[in-house]
Structures are given as structure tokens and as C-alpha cells.
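Okay, so the first sequence: first residue is 6 according to my numbering, each after it adds one.
Just so it is clear, CB atoms sit at the ideal spot from N, CA and C, and this is done for glycine as well.
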Amino acid sequence: MSKFWKPGTERPRSSLIDDEEGGVLFVSASASSSGFGYSTLERQRQRLPVFKYRTAILYLVENHATTIIVGETGSGKTTQIPQFLKEAGWAEGGRIIACTQPRRLAVQSVSARVAEEMGVKLGEEVGYTIRFEDVTNPGVTMIKFLTDGVLLREMMDDPLLTKYSVIMVDEAHERSISTDILLGLLKKIQRRRPELRLIISSATIEARSMSNFFHDRKRNQGDAANDSAPNTVPAILSVEGKGFTVEIYYLEEPCSSYLQAAVDTVLSIHDKEPVGDILVFLTGQDDIDAAVQLINENAQDHRSHSSGLLVLPLYSGLSRSDQDLIFAPTPKGKRKVVISTNIAETSLTLDGVVYVVDSGFSKQRFYNPITDIENLVVAPISKASARQRAGRAGRVRPGKCFRLYTEEYFMKEMSAEAIPEMQRSNLVGSVIQLKSLGIDNILGFDWPASPPPESMVRALEVLYSLGVLDEDAKLTSPTGFQVAEIPLDPMISKMILSANTYECTEEIIIIAAVLSMQSIWVSARGVQKEFDEAKLRFAAAEGDHVTYLNVYKGFIQSGKSSQWCYKNYINYHAMKKVVDIREQLSKLLKRFGMSLKSCERDTQKLRKAIVAGFFANSCHLEAYSQNGMYKTIRHSQEVFIHPSSVLFRVNPKWVIYHSLVSTDKHYMRNVMAIDPDWLIEAAPHFYQHKRPNLSAPF
DNA sequence: GAGCACTGC
6 MSKFWKPGTE RPRSSLIDDE EGGVLFVSAS ASSSGFGYST LERQRQRLPV
56 FKYRTAILYL VENHATTIIV GETGSGKTTQ IPQFLKEAGW AEGGRIIACT
106 QPRRLAVQSV SARVAEEMGV KLGEEVGYTI RFEDVTNPGV TMIKFLTDGV
156 LLREMMDDPL LTKYSVIMVD EAHERSISTD ILLGLLKKIQ RRRPELRLII
206 SSATIEARSM SNFFHDRKRN QGDAANDSAP NTVPAILSVE GKGFTVEIYY
256 LEEPCSSYLQ AAVDTVLSIH DKEPVGDILV FLTGQDDIDA AVQLINENAQ
306 DHRSHSSGLL VLPLYSGLSR SDQDLIFAPT PKGKRKVVIS TNIAETSLTL
356 DGVVYVVDSG FSKQRFYNPI TDIENLVVAP ISKASARQRA GRAGRVRPGK
406 CFRLYTEEYF MKEMSAEAIP EMQRSNLVGS VIQLKSLGID NILGFDWPAS
456 PPPESMVRAL EVLYSLGVLD EDAKLTSPTG FQVAEIPLDP MISKMILSAN
506 TYECTEEIII IAAVLSMQSI WVSARGVQKE FDEAKLRFAA AEGDHVTYLN
556 VYKGFIQSGK SSQWCYKNYI NYHAMKKVVD IREQLSKLLK RFGMSLKSCE
606 RDTQKLRKAI VAGFFANSCH LEAYSQNGMY KTIRHSQEVF IHPSSVLFRV
656 NPKWVIYHSL VSTDKHYMRN VMAIDPDWLI EAAPHFYQHK RPNLSAPF
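Written as C-alpha cells, this is what we have:
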């Protein structure tokens with residue numbers, strides 16, 4: 006191993022943050038059990054005391070700061086903060102302490118842990134809210150966990166979040182769209198509610214930029230004379246990770262194929278290193294399946310070396326039962342090797358991992374506002390991501406991380422932080438959310454990271470064409486407000502509202518629910534023929550949307566049977582979610598005063614409703630095209646019907662699609678045949694080039 | 001006849 010590997014000089018867990026402005030407290034995991042603790046090393050370096058965690062948090066919340074940035078690296082300590090705050094009386098008088106997480110699963114598990122530590126029943130003093138699940142007791146719940154998306158939704162009814170005395174945002178370094186919107190809004194709320202305390206928990210590496218974002222210099226100067234005013238300089242608290250040390254190894258020379266390098270490294274670890282499971286980070290399903298096969302083949306070739314390996318793939322497309330194999334205890338005498346996408350970086354935690362192999366790449370979404378196309382490309386990860394991956398090796402005991410790139414590459418080429426999701430996504434959903442919260446000057450909104458202006462303008466343009474915004478870029482009434490309230494992509498929401506006019510809401514909310522899923526089919530490699538046959542049983546001449554209606558009917562007629570799903574290559578969990586979303590939409594429509602109506606067999610009605618939402622995604626089959634090439638009406642972009650569509654090789658003259666998948670070609674997914682006259686009917690303004698100058702009002 | 005990193009309301 007020494008031939009290829011060079012030990013790294015970087016520590017995976019960065020410890021302290023330099024701060025020339027003062028006001029920074031450091032907390033050491035080794036601080037004594039009560040009162041103030043001091044860490045000699047840190048004190049010498051920083052000339053600052055080190056407080057005990059609890060004392061530091063309370064000192065800051067009570068006396069000093071309106072905003073506290075907790076810089077930590079997987080310490081797991083943030084579950085204690087809400088408990089400290091409750092003890093200190095921040096949840097008294099009907100006030101609630103809110104704690105957000107970016108993921109539903111994290112909300113459930115963290116709230117359960119806190120309830121257990123406090124010895125209370127979940128849903129009483131400690132509760133949680135995620136979509137479709139409200140486990141809180143109004144008047145009783147003092148600490149409430151929720152996804153940041155749910156908190157944003159709550160702001161539509163209560164823009165200043167008046168119920169909450171403290172809001173803690175966890176995992177802020179992940180920089181998801183909803184976290185970034187939330188942070189921007191919280192900064193605004195703080196000006197109106199100086200008593201609101203914010204605690205932002207972030208990986209150490211991002212703490213400095215978070216602090217800069219919340220440091221409102223203008224306001225601070227104005228308040229300088231007033232000693233009693235809350236301090237607007239955010240305090241940074243650095244918490245040392247509780248994880249074990251992870252030794253980092255780099256390649257001495259760059260490799261030409263990370264796939265082959267990963268396979269070689271796994272075999273080498275198995276050969277030379279003591280017991281402990283291996284976690285390998287690759288980019289996607291193709292790579293992962295190939296790596297699993299290569300390792301297994303090698304195991305057969307060299308029985309003495311590679312036997313005893315249990316190689317398992319892990320990605321979100323796998324069925325639930327296949328994913329669960331990862332968590333089964335490793336049989337005696339075996340070494341588990343999990344080959345995974347980024348899902349193991351944040352969403353799933355594996356116990357027993359001692360070795361991590363990091364390819365240095367992941368699939369990332371990029372959005373081109375000019376063509377309005379989102380692309381999924383393999384791209385280098387950030388230093389922050391590399392550290393997070395390495396940290397996965399140190400959960401049970403000291404571990405090792407093998408990076409399939411050189412140290413020089415890590416130091417000089419890798420960017421420190423990932424590009425925030427905001428800057429590489431389509432923003433229609435975010436723009437309408439801000440509009441509905443009364444943020445009129447979207448381009449001037451104070452984001453933690455500003456999105457490209459082109460993406461903003463594109464989003465405003467789309468919303469205008471949908472009739473959601475008027476010419477002054479204000480939400481239209483009632484359409485704009487209703488679209489904002491429906492928790493789906495605005496084009497889908499517009500389709501639902503139009504279904505009221507075309508009297509087919511019953512059908513459309515089912516289609517809307519299915520379109521909100523990744524896919525309702527199970528991935529069926531190796532049984533392609535059977536899979537295609539199963540699909541044909543539901544296929545409709547109109548296209549994929551009506552096909553989904555047939556699947557849903559079948560599912561309901563089967564009594565929502567998982568067996569039926571299995572037989573028909575349908576994802577049971579996805580169908581259950583479709584049922585939930587359909588239910589949520591039906592309640593929403595009732596609130597809008599719309600009743601559910603069925604168009605029965607008249608599919609023309611529902612196709613017109615679909616066009617009313619998706620007219621911008623219309624395409625025409627190229628005349629004389631031998632290979633089924635279409636061109637989009639908007640940008641004359643060459644596109645093709647995806648082979649998974651029921652309209653593949655049928656090639657109707659005019660179609661609309663729900664989304665594009667871009668690989669070597671642009672493929673349309675979820676395709677429906679239309680009559681071009683419907684386009685003019687749905688969006689005369691869009692197709693007759695009478696649009697006003699959209700950039701003017703912004 | 002080809003392919004879907006990962007969340008969320």
C-alpha cells in the first residue's frame with residue numbers, strides 16, 4: 006500500500022476558527038463537567054476562555070448575541086441546545102423553541118432522541134411536524150422539530166413566526182434552497198423582532214461566512230451608542246467533534262480511472278488492513294453496479310485474498326428491502342463493503358465503517374437559465390464534502406480514509422465549499438414562495454448566496470406566462486395566491502387550478518401527485534421484457550399522464566396491495582405517497598371552494614388542463630425526421646421522447662412533456678400528445694409574442 | 001431502445 010499511498014497532512018476535523026474581532030467562545034468536548042472549563046492549548050492560542058458547552062450557550066443567549074453560529078463537525082451536540090434553552094425558560098409563557106432540519110428522517114430521529122433524554126413522551130413537551138405528520142400538542146409542546154420547508158410554509162400564515170422565541174437551524178452548511186431562503190427571511194425577521202434568538206448550526210468550515218451574512222453592519226453602527234441593544238455581531242461557538250481520528254491517505258500520482266482505483270483500493274484494504282467495514286463513494290448507479298461486479302469477479306479469481314467480502318450497492322433507486330441489506334449485521338468472518346452514492350454522505354449513516362474510499366466526485370445538478378435546462382453531471386466535490394466523507398470512517402473507532410486523488414489536488418484545486426443549490430437550480434418555486442411572503446423586490450433579496458440574475462429573470466418570466474404574476478410582478482388573485490399555496494411545482498399547481506375550469510379535478514390531482522414523484526416504476530434491470538409488458542397493460546394512447554391514471558385505478562382496485570405493485574413492477578412506497586399527496590390536494594381544493602369533479606372518459610378535458618400548466622414545454626416532430634427528433638417551440642432545442650415513455654416510437658406530431666433528462670441527448674420524460682390549437686387556447690400571450698418587456702418592473 | 005446525485009412542501 007505504501008507504494009501508492011501517501012499519508013495526508015490535513016486533519017479531517019478542523020478545530021478552531023481564527024477571529025480577530027473578538028467575542029468568540031470556544032467549547033472543548035473535553036471541558037470539565039461543571040462550571041467554566043478551560044483548555045490550555047486553545048487558551049494559549051486564542052487567549053480566550055473555554056466555557057462549558059451549556060454555560061456558553063446560555064451566556065450568549067441571555068446576555069450577548071441575537072445570533073449564535075455553532076460551528077461543529079458531526080459532534081451530535083446540537084440535540085442538547087434546545088434542552089438548555091428550555092431549562093433557562095425560553096419556552097415559557099406559551100413560547101416555543103423551533104429546531105429545523107433539512108430532512109424528514111432527521112426531524113423524526115432527533116426529536117425522538119431529545120424526548121428520550123428529557124424523559125417525556127414524543128408529541129407532548131417535545132414534538133415534531135413534517136409533511137403529512139403533525140406530532141405536536143398545541144399549548145403543551147415547548148420544543149418543536151420541523152423541516153425547514155415546513156417552517157417556510159408556516160410563514161405564509163405567520164410571517165414573523167411570532168409563536169417562536171428561539172429558532173435553531175441545523176445543518177445550515179448544506180445550503181439547500183429552503184435553508185438559504187429561511188436564513189434570508191430570518192435575517193429580515195430579526196430586524197422586526199429584536200428579541201428573537203437565532204442559533205445557526207453549521208460545519209466549522211462554513212461558520213465564518215454564516216457569521217458574515219448575519220453581521221448586519223449598518224444596523225450595528227446605528228446601535229453602537231445604545232448599550233442595552235442586543236449585540237448584532239454573531240457569536241461563533243466552535244464545538245469539537247466527538248468522532249475518532251481519521252488518518253487521510255492520498256494517491257501519490259493522479260489515477261486515470263477512479264472506478265478501477267476504487268476497486269483496487271478495496272481489495273488492498275481487505276488484504277492488508279485489520280477488520281472493519283469499507284464505505285466507497287462513487288457517483289451513480291452505473292459506476293456502482295460496475296464496481297460491485299468487478300470486486301466480486303476479483304474475489305472469485307483470487308479466493309485467498311478477496312473471499313470474505315460482502316459487497317453491497319447503495320443508491321436511492323434501490324427498493325427499500327435492498328437498501329435494508331446495508332444495515333444487516335455483517336456475518337462472522339465477513340467484511341462488508343458498501344458502494345454508495347452521496348446518499349451515505351448525509352442521508353444514511355452506516356455503523357461499523359472504519360475505511361472510507363473517496364473518489365472525489367459526485368453527480369451534481371447544474372441549471373442553464375438561458376436554455377432552461379437542468380443537467381446532471383459528474384463533478385469534483387468540495388473540501389467540505391471530502392471532510393464529511395472522511396468523517397464517516399471515524400464513528401466507531403479511529404479509521405482511515407483513502408482519497409483517490411493527490412494531496413496537491415486537494416489543497417490547490419478543490420473548492421472549499423460546494424456551490425449552493427440556489428445557484429444551480431431552476432428558481433420558479435423559490436420566487437413564488439418569496440412573492441407569497443410579500444417580498445416584492447426579489448432581485449434585491451438578501452440571500453446567503455445570491456442566485457444568478459438570469460435564473461431570477463427566467464423564473465419571473467415563467468411565472469408571468471402562467472398568469473401567476475401580473476405585469477408589475479405581483480401575485481395575481483386568486484390564481485397566484487392559490488398556486489403559491491399548493492406545495493408542488495408551479496406548473497403542476499397551475500394545471501390543477503385549470504382542471505377546475507375543465508371539470509376534471511378528480512383526475513388531475515392524481516396526475517399531479519404522480520408527476521411529483523421521481524418515478525412510480527421500480528428499477529428493473531435484467532427483467533426488461535417483463536417490465537415492458539407490465540407497463541403495456543396500463544398504456545394509454547394519449548401518453549404517460551393518462552397511463553398513470555390507469556396505474557392509480559389499478560392500485561386502488563387492488564386494495565392498495567403491495568403484492569399487486571410487486572407483480573406490476575410498481576414502486577409500492579411511491580404509490581402510498583401518491584395517495585397521501587392526492588389527499589392533501591383534495592383538502593386544499595376544498596379550501597379554495599372547488600369541488601372534485603370527474604371528466605369520466607372525456608380525456609380531452611384533462612389534456613387541456615395539463616396543457617394549461619405545461620404549454621411552455623411543447624414540441625413539434627421534425628418533418629422527415631427518421632429518428633424521432635422533436636424541436637421545442639420555445640427555443641428550437643432538439644429533443645427526443647425517452648424510451649421509457651409509452652409514446653416512444655409512436656411519435657405523435659405535437660407533444661408536451663413534464664421534464665427533460667439530459668445525457669447525450671435531451672430526453673423528454675412524461676410525454677402527452679396534444680392538439681396544437683390547445684396551446685393558443687391555453688396561452689395566447691405566450692404563443693403570439695405579445696409579451697411585455699419582462700425585465701422592466703424588476 | 002436508454003437511464004435517473006439527493007432532499008423537501
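Per DSSP, Lys540 lies in no beta strand (DSSP E) segment; the continuous alpha helix (DSSP H) that holds it begins and ends at 533-541.
Bounds of any alpha helix (DSSP H) do not take in Tyr254; it lies within the beta strand (DSSP E) bounded by 251-256. Leaving aside the five residues that flank Pro483 on each side, the residues in its chain whose CB is nearer than 8 Å to its CB run, in chain order, Phe597.
By the Cβ neighbour-count rule, Leu110 is exposed, with fewer than 16 other Cβ atoms within 10 Å of its own.
Counting C-beta atoms within 10 angstroms of its own C-beta, Met160 has 16 or more neighbours from the protein chains shown and is therefore classed as buried. For Asp363, the enclosing beta strand (DSSP E) begins and ends at 358-363. Unbroken beta strand (DSSP E) runs of no fewer than 3 residues, entirely contained in the segment 361-419, are found at 366-373, 378-385, 404-408, following chain order. In this structure, Ser364 places its C-beta atom within 8 Å of the C-beta atom of Phe286. Note on geometry: alpha-carbon atoms of Asn446 and Leu203 lie some 24 Å from one another.
The segment 428-442 makes contact with the segment 492-510, as at least three CB pairs between them are under 8 Å. Following the DSSP letters along the chain, one finds Leu151 inside the beta strand (DSSP E) bounded by residues 148-152.
Unbroken alpha helix (DSSP H) runs of no fewer than 4 residues, entirely contained in the segment 426-477, are found at 433-441, 458-470, following chain order.
Here the alpha carbon of Ala177 sits roughly 39 Å from the alpha carbon of Ala504. In this chain, the alpha helix (DSSP H) harbouring Met496 covers 495-506. Excluding sequence positions up to five before and after Gly548, its CB lies within less than 6 Å of the CB of Leu652, Val676, Met677, Ala678, all in the same chain and listed in chain order.
A Cβ-Cβ separation of about 10 Å leaves Pro374 out of contact with Arg429 under the 8 Å criterion.
DSSP lists Ile73 as the beta-bridge partner residues of Ala240. Residue state for His640 is assigned as coil, using DSSP reduced to three classes. Given a length threshold of 4 residues, each whole run of the alpha helix (DSSP H) inside the segment 122-193 is given here in chain order: 153-159.
When DSSP assignments are scanned along the segment 77-114, the uninterrupted stretches of beta strand (DSSP E) that are 3 or more residues long and fall wholly within it turn out to be 101-106. In the DSSP annotation of this structure, the continuous segment of the alpha helix (DSSP H) that includes Val584 starts and ends at 577-596. Non-local C-beta neighbours of Lys168 in its own chain, meaning closer than 7 Å and more than five positions away in sequence, comprise Ile101, ordered along the chain. Secondary structure note for His663: its beta strand (DSSP E) is the uninterrupted segment 659-667.
Contact check for Tyr133 against Leu157 fails: the beta carbons are separated by 8 Å or more. Excluding its 5 nearest sequence neighbours in each direction, Ser563 has C-beta neighbours in its own chain below 7 Å: Trp569, listed in chain order. At the C-beta level, Ile205 and Ile86 stay beyond 8 Å of one another. In this structure, the beta-carbon distance from Leu272 to Ile293 does not fall below 8 Å. The C-beta distance from Arg654 to His663 rounds to 19 Å, too long to meet the 8 Å contact threshold. Separation of the CB atoms of Leu381 and Lys368 is rounded to 5 Å, and the pair is thereby assigned contact status at 8 Å. Less than 8 Å divides the Cβ of Leu590 from the Cβ of Ile514. Membership of Trp10 in any alpha helix (DSSP H) is not indicated; the residue belongs instead to the beta strand (DSSP E) covering 10-12.
Residue nearest to Leu502 within the set Ser181, Met599, Glu422, Val551 is Met599 (criterion: CA-CA distance). Only buried fits Ala349, as 16 or more other CB atoms lie within 10 angstroms of its CB.
With 16 or more neighbouring CB atoms inside 10 Å of its own CB, Phe620 falls in the buried class.
In this structure, Asn656 sits near Ile646, with a CB-CB distance shorter than 8 Å. In terms of CA proximity to Phe249, Ala395 leads the group Tyr629, Ala395, Lys82.
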